[in-house]
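Working notes, structure below.
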Amino acid sequence: MNALCSKAVFMEICIDISNSQYRALRCPYLKQLLPCHQGRPAIRIVENLFMETLVIPWNFAFPQGELILEISENPRLSLVIINQLRRLCPGCRITANLGCGLKKRGYSTTELVAACAGKRIIKPAEGYMLVLNSNAVTEHQLNALCSKAVHMEICITITNSQFKQFYCPYLQELRPCLPGSPAIKIVNNILFEHLHIPPTTIYPEGDLIIEVSGNPRLSPNQIYALKQWCSQCTITLGSSTHSLAQRQCKLEARWYKGKEIVQICAGAQIIKPHKGFPLMVSSTEVTETEINNLCSNAVFMEICILIANSDFTRLRCPHLQEIRPCLPERPAIKLVGNLFLKELFIPMTVRYPEKAYIFEINENPLLSLRIIEWLRVKCRHCVITANLGCDLQSRTYTEKQLVAACAGKRIIRPAAGYVLMLSSTTTTEAEMNAMCSKAIYMEICIDITRSQYTALRCPYLKVLKACMPGKPAIRIVDNYRFQILEIPASLRFPVSQQIIEFSGNPLMSITIITQLKKMCPHCRISANLGKFL
0 MNALCSKAVF
10 MEICIDISNS
20 QYRALRCPYL
30 KQLLPCHQGR
40 PAIRIVENLF
50 METLVIPWNF
60 AFPQGELILE
70 ISENPRLSLV
80 IINQLRRLCP
90 GCRITANLGC
100 GLKKRGYSTT
110 ELVAACAGKR
120 IIKPAEGYML
130 VLNSNAVTEH
140 QLNALCSKAV
150 HMEICITITN
160 SQFKQFYCPY
170 LQELRPCLPG
180 SPAIKIVNNI
190 LFEHLHIPPT
200 TIYPEGDLII
210 EVSGNPRLSP
220 NQIYALKQWC
230 SQCTITLGSS
240 THSLAQRQCK
250 LEARWYKGKE
260 IVQICAGAQI
270 IKPHKGFPLM
280 VSSTEVTETE
290 INNLCSNAVF
300 MEICILIANS
310 DFTRLRCPHL
320 QEIRPCLPER
330 PAIKLVGNLF
340 LKELFIPMTV
350 RYPEKAYIFE
360 INENPLLSLR
370 IIEWLRVKCR
380 HCVITANLGC
390 DLQSRTYTEK
400 QLVAACAGKR
410 IIRPAAGYVL
420 MLSSTTTTEA
430 EMNAMCSKAI
440 YMEICIDITR
450 SQYTALRCPY
460 LKVLKACMPG
470 KPAIRIVDNY
480 RFQILEIPAS
490 LRFPVSQQII
500 EFSGNPLMSI
510 TIITQLKKMC
520 PHCRISANLG
530 KFL
């Protein structure tokens with residue numbers, strides 16, 4: 000299918016991709032699209048659990064009034080793509096299947112279970128979570144919600160209840176509401192006797208997707224089958240109650256370096272200092288593995304953890320019940336400027352002293368918006384930002400507003416479901432360079448074409464991503480005065496993306512051209528006015 004589309008500029012066709020294992024459809028050069036029959040969509044993409052990429056130029060032509068696209072029930076397809084297609088064809092059938100069709104983003108448990116009952120795709124709106132607890136829903140409601148579901152992104156907790164069974168007979172993919180949380184937790188239910196999840200159901204690799212314990216009527220055969228499905232998950236017949244004899248980290252009344260703390264306290268359940276000797280651990284002193292080992296079994300911590308400007312990818316404290324800062328004026332957990340941090344797991348039930356300054360979190364662009372929003376609710380007085388849209392309050396803004404807001408910012412990233420696009424036709428060279436001057440992470444599309452620009456300088460840039468699949472993040476074409484493109488050679492970007500397009504800039508040094516080509520061998524980079532290298 001992708002070979003068919005790979006070079007096409009005109010198609011009169013009906014493409015139907017339904018209930019498939021397809022991951023992508025790419026028609027990068029398409030200029031005009033017509034359906035094979037009136038009334039039928041030219042491209043229909045429906046009920047594909049793994050479809051995550053659709054590349055179609057946003058300026059392709061099609062007959063106005065035609066139902067040219069039908070797209071629904073593709074849970075991995077980016078909301079950015081969905082919104083762009085909706086704007087392109089307002090009359091087409093294009094849905095993101097978020098929140099089970101509820102129009103508003105916030106809803107009660109009753110509204111949620113009613114709306115999601117019998118739905119195939121159960122997925123929240125971007126930045127929100129679906130959380131259900133047996134103390135707020137009936138057994139019948141929970142089973143109705145799961146009765147037809149093939150994809151769920153949710154956290155379901157069944158604890159200390161009278162529930163007897165939970166069936167998800169058609170489930171093909173299960174994801175938790177938050178990275179690191181179990182999607183299904185069934186603990187201490189004396190009557191519970193049956194859980195049905197197909198053994199072929201997939202879940203994110205490495206996730207502890209399910210927790211089952213303390214359900215005495217659940218048969219050993221079911222426990223065995225669940226363990227086969229998720230070998231690393233907590234799945235037992237016994238009680239989930241933790242031993243009261245919790246292991247305390249053995250510390251003396253003296254100052255400890257971070258390296259000493261992670262070595263002495265790794266695996267401990269109680270991590271508490273002697274009075275007057277606060278515990279502080281920094282990513283400059285310890286490795287990612289060491290800091291996660293420190294947190295791995297902790298149920299109580301009185302500490303200050305600082306992870307700043309690091310290459311750390313995760314921080315997991317899966318058993319934490321209570322956390323306190325090492326000093327009143329310092330956060331217990333500070334995560335700042337970590338471009339690759341994408342997982343933070345702290346149980347939703349964690350306790351901390353009222354009004355304590357427990358979290359400081361910003362400039363971590365890969366950290367899920369769901370985690371950010373949950374932490375904001377958990378600690379309303381803490382300093383927690385998602386760094387979206389350069390902190391513009393509105394989700395839609397002009398290019399002038401954008402460049403003004405982003406000038407001097409380190410993280411330049413759009414609000415969820417939106418894109419950042421800048422053009423030399425509406426943005427001056429000074430504005431463009433001011434925006435790029437301090438940026439270390441950008442998720443954007445910059446187009447400098449047929450302009451009087453002489454330079455684009457992004458001296459501190461570490462990570463660059465395009466605003467959408469199929470478009471270059473930086474396109475510099477046919478600028479007869481352009482001489483300087485400053486991007487660090489250590490720049491990181493998705494290896495599959497043609498992150499830069501560069502041609503027709505005759506004053507540009509062949510040395511810089513060669514360096515760019517070396518940095519991105521598969522990108523469309525041409526020396527001056529010649530053909531692509």
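Numbered according to numbering that gives the first Met the number 0, the sequence shown spans residues 0 to 532.
Every residue gets a Cβ at the ideal spot worked out from N, C-alpha and C, and that includes glycine.
Item                                                                                                                                                                                : Value
Measure the CB-CB distance between Leu131 and Met151 and report whether it falls below 8 Å.                                                                                         : no
Excluding sequence positions up to five away, which residues of its chain have a Cβ less than 6 Å from the Cβ of Val8?                                                              : Tyr28, Lys30
Counting only runs of 3+ residues fully inside the region 169 to 237, write out the beta strand (DSSP E) ranges in chain order.                                                     : 172 to 174, 183 to 186, 193 to 195, 209 to 212
From what residue to what residue does the beta strand (DSSP E) around His150 run?                                                                                                  : 150 to 152
Helix, strand or coil for Ile322? Go by DSSP, reduced to three states.                                                                                                              : strand
In whole angstroms, what separates the C-alpha of Cys248 from that of Ile509?                                                                                                       : 60 Å
In whole angstroms, what separates the C-alpha of Ala488 from that of Arg313?                                                                                                       : 26 Å
Starting from Arg474, follow its DSSP beta bridges and name the residues at the other end.                                                                                          : Asp446, Glu500
Got a sec? Which residues, its chain only, sit under 7 Å from His380 by beta carbon, not counting five neighbours each side?                                                        : Lys354
Tell me whether the beta-carbon of Cys457 lies closer than 8 Å to the beta-carbon of Glu430.                                                                                        : no
If you draw a straight line from the C-alpha of Ile524 to the C-alpha of Pro505, how long is it?                                                                                    : 13 Å
Helix, strand or coil: which one does DSSP assign to Ala244?                                                                                                                        : Note that Ala244 scores 42 on pLDDT, short of 50, meaning its location in the model is unreliable; the coordinates nonetheless yield the value given after this. Here Ala244 sits in coil by DSSP.
As a quick exercise: from Arg491, Arg480, Phe492, pick the residue whose alpha carbon is nearest that of Met507.                                                                    : Arg480
How is Ile80 classed by DSSP in three states: helix, strand or coil?                                                                                                                : helix
Write down every uninterrupted run of the beta strand (DSSP E) in the region 269 to 331 whose length is 3 residues or greater and which is fully enclosed by it, in chain order.    : 279 to 281, 299 to 301, 303 to 307, 313 to 315, 321 to 323
Would you mind sorting Phe276 into buried or exposed? The rule is 16 or more other CB atoms within 10 Å of its CB.                                                                  : exposed
Are the region 299 to 309 and the region 258 to 276 touching, with three or more C-beta to C-beta distances below 8 Å?                                                              : yes
Which residues in the same chain have their Cβ closer than 8 Å to the Cβ of Ala406, if we skip the five residues on either side of it in sequence?                                  : Glu430, Ala433, Met434, Ser436
Determine, using beta carbons only, whether Phe311 and Pro178 come nearer to each other than 8 Å.                                                                                   : no
Cβ atoms of Cys26 and Glu11: under 8 Å apart, would you say?                                                                                                                        : no
Whole angstroms are fine: how far does the CA of Tyr106 sit from the CA of Gly378?                                                                                                  : Just to set this straight, residue 378 is Cys in the shown sequence, not Gly. Near 21 Å, if we compare the C-alpha coordinates of Tyr106 and Cys378.
Among Phe339, Val285, Ile483, which residue has its Cα nearest to the Cα of Ile512?                                                                                                 : Ile483
Give the range of the beta strand (DSSP E) segment to which Ala429 is assigned.                                                                                                     : Not the beta strand (DSSP E): Ala429 falls in the alpha helix (DSSP H), residues 428 to 435.
Tell me the residue span of the beta strand (DSSP E) that contains Val261.                                                                                                          : Note, Val261: premise wrong, no beta strand (DSSP E); alpha helix (DSSP H) at 257 to 264.
Kindly list the residues whose CB is nearer than 6 Å to the CB of Val476, restricted to its own chain and excluding five residues on each side of it in sequence; keep chain order. : Thr448, Ser502, Gly503
Need the endpoints of the alpha helix (DSSP H) that Asn159 sits in, please.                                                                                                         : Element bounds for Asn159: n/a, residue is neither H nor E.
Between which two residues does the beta strand (DSSP E) harbouring Asn545 extend?                                                                                                  : Shown here, the chain extends from 0 to 532; a query on residue 545 therefore has no answer.
Quick check on Glu210: buried or exposed, where buried means 16 or more other Cβ atoms within 10 Å of its Cβ?                                                                       : buried
For Asn308 versus Leu340, is the C-beta distance shorter than 8 Å?                                                                                                                  : no
Starting from the Cα of Ser71, find the closest Cα among Ser281, Glu138, Cys99, Met128 and give me that residue.                                                                    : Cys99
Going by DSSP in three states, Asn47 sits in which element: helix, strand or coil?                                                                                                  : coil
Pair every Cβ in the region 154 to 161 with every Cβ in the region 184 to 193, then say whether three or more of these pairs are closer than 8 Å.                                   : yes
Report back the beta-carbon spacing between Phe61 and Leu84 to the nearest angstrom; my notes put them in contact at under 8 Å.                                                     : With a Cβ gap of about 12 Å, Phe61 and Leu84 do not count as contacting.
Classify Glu138 as helix, strand or coil using the three-state DSSP reduction.                                                                                                      : helix
Answer yes or no: do Cys466 and Gln497 have a C-beta to C-beta separation smaller than 8 Å?                                                                                         : no
Assuming the contact rule is C-beta atoms closer than 8 Å, Glu172 and Thr137 should be a hit. Round their C-beta distance to whole Å, please.                                       : About 25 Å separates the two Cβ atoms, so there is no contact after all.
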